[in-house]
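Each position in the sequence shown, counted from 1, maps to that position plus 169 in this note's numbering. The beta carbon of each residue, even a glycine, is placed where N, CA and C say it ideally should be.
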Amino acid sequence: MYQLVKLSLLTATIIFLSGCFDNTTDTDRLCADNPDLKCQFLNMEDGQCRIDRTNLVWQRYDKLKSPTDVNKIKEIELVAKYRSCLELAAQIEPLDARERKTKRVETMIFMGEEYRRLVEELKTSDSAEVLYFLWSHTGDDASRRRFLQREGRPELETAEMQYALATFYSSRDEQKTEQLLHRSLELSKTAKPNTEIFKTLSSLYYKNQRLDQAYLWSMVAKSHGVAIASKQELNYLYSDLSNEQKQDLEAQANSILQEIELHTYQSRSIKFR
């Protein structure tokens with residue numbers, strides 16, 4: 170029996186490692202077949218930042234196949250993420266010190282140049298996604314104004330753009346922020362919803378002493394692994410709610426979770442039995 174378990178573990182380990190090597194091999198092959206990916210500038214042999222680098226390579230490939238604004242923005246975000254990882258890696262003193270560290274620094278500098286180049290290229294587009302990115306990531310006021318001027322138009326009727334509007338109104342109009350967050354959930358069609366919405370709704374309702382709604386969205390957030398508060402802290406924060414009320418709210422939270430998963434969520438008033 171012991172030998173059988175041992176053999177099973179060994180087999181599982183081999184399969185896992187094979188998957189890792191296959192992934193690396195696939196990325197190397199992708200680079201070899203697509204010189205436009207510029208993999209030669211990405212320090213492909215370095216063991217540090219491998220995941221961020223691989224994600225960037227494949228996103229560049231996705232952009233080559235489909236050069237949409239969304240794919241361009243994803244590439245820029247992954248360039249920034251890879252560069253941040255390289256900044257940390259450059260502080261590590263490798264065994265074959267000078268040459269490897271120099272390569273990391275050179276790649277980090279190249280990533281900075283790539284980020285600026287890609288942002289400049291993005292400025293030729295006038296889509297809502299691009300305007301929001303330029304406003305939120307580079308602080309471009311002109312892009313912010315142009316983005317906000319499109320409020321109410323069909324191009325902003327997406328989960329992402331409704332959330333983007335909510336971030337603007339969060340410090341200006343709480344009622345509108347609430348409406349936009351719910352609308353974002355109604356429009357969400359992804360397998361993984363934006364969990365920041367749950368946390369923001371809970372905080373917004375608690376701030377305005379709407380404890381029932383705040384508790385409801387705390388439970389939704391908790392189910393998605395969002396750290397709101399410990400069990401003891403929740404008991405203290407919502408001590409004015411009875412156990413029966415909490416049970417009702419938890420049942421409604423489960424219903425909301427199912428609706429979000431099925432993409433059928435509709436905002437509504439909560440009810441107690």
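Asked                                                                                                                                               : Found
Rounded to a whole number of angstroms, what is the C-alpha to C-alpha distance between asparagine 212 and lysine 272?                              : 7 angstroms
Going by alpha carbons, who is nearest to arginine 437 out of Tyr301, Leu403 and Ala422?                                                            : Ala422
According to the neighbour-count rule (16 or more other Cβ atoms, all chains shown, within 10 Å of its Cβ), is phenylalanine 190 buried or exposed? : Any reading at phenylalanine 190 is ruled out, since the residue's pLDDT is 38, under 50, leaving its predicted position unreliable.
Does the count of Cβ pairs from the stretch 301-310 and the stretch 340-347 closer than 8 angstroms reach three?                                    : no
What's the C-alpha gap between phenylalanine 279 and phenylalanine 210?                                                                             : 7 angstroms
Would the stretch 414-430 count as touching the stretch 322-331 if we require 3 or more Cβ pairs under 8 angstroms?                                 : no
Considering just the uninterrupted stretch of the alpha helix (DSSP H) at methionine 330, what are its terminal residues?                           : 328-338
Would you say valine 226 faces chain C, with C-beta separation under 8 angstroms as the test?                                                       : The structure shown contains no chain C; it holds only a single protein chain.
Going by Cα to Cα distance, which pick from His393, Val395 and Lys368 is closest to glutamine 382?                                                  : Lys368
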